[in-house]
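Heads up: the structure comes next, in structure tokens.
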Amino acid sequence: MGEDNEIKKELTEIKMLLKTAQRRADLQWVYSIGFAGVIGSLALLVIKADTWSILLVFFAGLILMIISPYLGGK
259 MGEDNEIKKE LTEIKMLLKT AQRRADLQWV YSIGFAGVIG SLALLVIKAD TWSILLVFFA
319 GLILMIISPY LGGK
């Protein structure tokens, strides 16, 4: 009986660690997409794209980078 409780406790801890790791991976994806947007806006700048498209892509990427740490929730 004691071993069963220990195993259940360890499995619960592993499950929580996996959930945390998945949440961090999801947030890293959001940050990476935001970073790609910021870099993409630089590419648009190089090819002399429309000013509004450059600003839209830049600020969309910047916003994703800024809010990604706050999306974690518990």
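Numbering (the working numbering), first residue to last: 259 to 332.
C-beta atoms are modelled at their ideal positions from N, C-alpha and C, and glycine is treated no differently.
Here LYS306 carries a coil assignment [DSSP, helix/strand/coil]. Counting C-beta pairs with one atom in each stretch, the region 289–298 and the region 308–322 have three or more that are closer than 8 angstroms, which means they touch. Contact between LEU302 and VAL315 holds, since their C-beta atoms are separated by about 6 angstroms, short of 8 angstroms. Every candidate beta strand (DSSP E) stretch fails here, since none sits fully inside the region 266–321 while reaching 3 residues.
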